[in-house]
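J.: Handing you a structure now.
Residue numbers (the numbering used here): 677 to 1020.
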């Protein structure tokens, strides 16, 4: 009888220990109930969602210390360390957060899966994986209908890109919706934007007819570069790479995250050098990117500055020395030694 009584008391003790609960309500800054938010204790099986009134309740929680967390799309996550030694009531207000500055502004120039156009996309993760210092066209080399060339042979320095057989003057390139092509020739020199891929969050290639509104020369494609995403958390990123032909890249970037839920500053500096595959085809490239933005409920403003400086050696065929010396006999001998190299 004594052992039976002890067993009953032990079971009652366990049952009482597991009767704690955490409950409360969840609202936004305007006092509106947030429906369907995830409420859980991290590293445990206790989880629920808020109902139609924003109410939540976690039951039968053993006494212990837990990390209480709430997540809801479009709002900052809420995390708090709590000690459960009885029932706990929590009334929580979540603050809204903006992740994408240009969600509305770029909609007319970018495509989604339901658009009746042919396009390819590269996200931030894929861009970072491919970006080892080569110019942006070489990051897009594996996309359909794209053919790239490099004067120096290593993808660093003067590079070119054709889409669907069209040269760069028939390919529209925009950065955050702003045209990048030269206003007179409609050409584009990627060497002036070394390592710009480190500041790009998404690249979309719209092959053929598309929604581009910038210029009339999109017979080949439209390449849309987007760098206007806002990162909520601060970061510092330093990267480097070394490859063939003494190709080297170092890049340092930073971001403040959202300051006071509305201000954001980002910056980057990059340096790329390479001897090139071809003799006397070296490159010495420098670039920077700076951005400051202010995001409010119904409006936003962003200031972007970027620039590049390039110093490259000659990496294309020069004229024969005999032609420079105006030696016709030696020039003819040169032509005969190099059949098929010249057209007459």
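Virtual Cβ for every residue (Gly too), placed ideally from N, Cα, C. On a predicted model such as this, the values are computed, not experimentally measured, just so you know.
Let me check one thing: in DSSP terms, what residues is residue 754 bridge-paired to?
T.: Mapped onto the chain shown, residue 754 falls at position 78. 746.
J.: Based on Cα-Cα distance, which residue from 703, 718, 797 lies nearest to residue 752?
T.: Here residue 752 is taken as the residue at index 76 of the chain shown, counted from 1. Comparing Cα positions, the closest option is 703.
J.: My parser needs the alpha helix (DSSP H) runs of 4 or more residues fully inside the segment 850-876; what are they?
T.: Within the segment 850-876, no complete alpha helix (DSSP H) run reaches 4 residues.
J.: Once you ignore the five residues that flank residue 962 on each side, which residues in its own chain have a CB closer than 6 Å to its CB?
T.: Translated into positions along the chain shown, residue 962 becomes position 286. Closer than 6 Å at Cβ, skipping near neighbours: 947, 985.
J.: Please state the DSSP three-state secondary structure of residue 827.
T.: Residue mapping note: residue 827 aligns to position 151 of the chain shown, counting from 1. Coil.
J.: Helix, strand or coil: how does DSSP classify residue 973 here?
T.: Start at 1 with the first residue of the chain shown, and residue 973 comes out as number 297. Note: residue 973 maps to coil in three-state DSSP.
J.: Assuming the contact rule is C-beta atoms closer than 8 Å, residue 944 and residue 900 should be a hit. Round their C-beta distance to whole Å, please.
T.: Taking the chain shown and counting its residues from 1, one reaches residue 944 at position 268. Taking the chain shown and counting its residues from 1, one reaches residue 900 at position 224. Going by Cβ atoms, the distance from residue 944 to residue 900 rounds to 20 Å, so no, they are not a contact pair.
J.: Tell me residue 725's beta-bridge partners as DSSP assigns them.
T.: One-based indexing of the chain shown puts residue 725 at position 49. Answer by DSSP bridge pairing, in chain order: 714.
J.: What are the boundary residues of the beta strand (DSSP E) that residue 797 is part of?
T.: Sequence index remark: in the chain shown, residue 797 carries index 121 (1-based). Element bounds for residue 797: 794-799.
J.: Any idea if residue 954 is buried or exposed, counting beta-carbon neighbours within 10 angstroms, 16 or more meaning buried?
T.: By 1-based counting over the chain shown, the position of residue 954 is 278. By the neighbour-count rule (16 or more Cβ atoms within 10 Å), residue 954 is buried.
J.: In its own chain, which residues sit with a C-beta less than 6 Å from the C-beta of residue 698, not counting the 5 before and 5 after it?
T.: Counted from its first residue, the chain shown places residue 698 at position 22. Excluding residues within five positions, the ones whose Cβ falls inside 6 Å are 734, 764.
J.: Please classify residue 804: does DSSP put it in a helix, a strand, or coil?
T.: For the purposes of this step, residue 804 is identified with residue 128 of the chain shown, where counting begins at 1. Three-state DSSP puts residue 804 in a helix.
J.: Could you pull out every residue in the same chain whose Cβ sits closer than 7 Å to the Cβ of residue 794, ignoring the five residues on either side in sequence?
T.: Taking the first residue of the chain shown as 1, we reach residue 794 at position 118. If we look at residue 794 and ignore the five residues flanking it on each side, its Cβ neighbours are 883, 884.
J.: Here's the rule: buried if 16 or more other CB atoms are within 10 angstroms of the residue's CB, otherwise exposed. What is residue 820?
T.: As a first step, residue 820 is located in the chain shown; it is residue number 144 there, counting from the start. Under this definition residue 820 is an exposed residue.
J.: Of the residues 804, 927, 881, 937, which one's Cα is nearest the Cα of residue 908?
T.: Counting from one through the chain shown, the residue named residue 908 turns up at place 232. Nearest option by C-alpha distance: 937.
J.: Mind checking which residues open and close the alpha helix (DSSP H) that includes residue 1012?
T.: Taking the chain shown and counting its residues from 1, one reaches residue 1012 at position 336. From DSSP, the alpha helix (DSSP H) with residue 1012 extends over 1004-1013.
J.: Can you tell me the Cα-Cα spacing of residue 718 and residue 771, whole angstroms?
T.: Counting from 1 along the chain shown, the entry for residue 718 is found at position 42. Counting from 1 along the chain shown, the entry for residue 771 is found at position 95. So the two alpha carbons sit approximately 21 Å from each other.
J.: To which residues of the same chain is residue 914 closer than 6 Å at the C-beta, ignoring the five residues directly before and after it?
T.: Residue 914 sits at position 238 when you count from the first residue of the chain shown. Taken in chain order, the residues that qualify are 928.
J.: Quick check: what's the CA-CA separation for residue 1013 versus residue 980?
T.: Stepping through the chain shown from its first residue, residue 1013 is reached at position 337. Stepping through the chain shown from its first residue, residue 980 is reached at position 304. Computed Cα separation, rounded: 53 Å.
J.: According to DSSP, simplified to helix, strand and coil, what is residue 782?
T.: Residue numbering aside, residue 782 sits at position 106 when the chain shown is read from its first letter. For residue 782, the predicted structure reports a pLDDT of 44, less than 50, and the residue's modelled location is therefore unreliable. A value from the coordinates is still provided. Coil.
J.: Just tell me which of 924, 732, 879 has its CA closest to the CA of residue 711.
T.: Numbered from 1 along the chain shown, position 35 holds the residue referred to as residue 711. The option with the nearest alpha carbon to residue 711 is 732.
J.: Alpha carbon to alpha carbon, how far is residue 861 from residue 845?
T.: Sequence index remark: in the chain shown, residue 861 carries index 185 (1-based). Sequence index remark: in the chain shown, residue 845 carries index 169 (1-based). Approximately 7 Å between the Cα atoms of the pair.
J.: Nearest to residue 930 by CA position, among 813, 744, 966, is which residue?
T.: Working through the chain shown from its first residue, we reach residue 930 at position 254. The candidate whose alpha carbon is nearest that of residue 930 is 966.
J.: Pull the bridge partners of residue 878 from the DSSP assignment, please.
T.: If you number the chain shown from 1, residue 878 lands on position 202. Paired residues: 799, 902.
J.: Going straight from the alpha carbon of residue 837 to that of residue 725, what length do you get?
T.: To locate residue 837, count along the chain shown from 1; it is residue 161. To locate residue 725, count along the chain shown from 1; it is residue 49. Approximately 51 Å between the Cα atoms of the pair.
J.: Taking the Cβ atom as the reference point for each residue, do residue 866 and residue 835 lie within a distance shorter than 8 Å?
T.: Translated into the one-based positions of the chain shown, residue 866 becomes position 190. Translated into the one-based positions of the chain shown, residue 835 becomes position 159. Taking 8 Å as the Cβ cut-off, residue 866 and residue 835 qualify as a contacting pair.
J.: Which stretch, first to last residue, makes up the alpha helix (DSSP H) that contains residue 894?
T.: On the chain shown, position 218 is the one that residue 894 refers to. Where residue 894 is concerned, there is no enclosing alpha helix (DSSP H), given that its DSSP letter is neither H nor E.
J.: What does a CB cutoff of less than 6 Å around residue 729 pick up in its chain, not counting 5 residues either side in sequence?
T.: Counting from one through the chain shown, the residue named residue 729 turns up at place 53. Cβ neighbours of residue 729 beyond the five flanking positions: 709.
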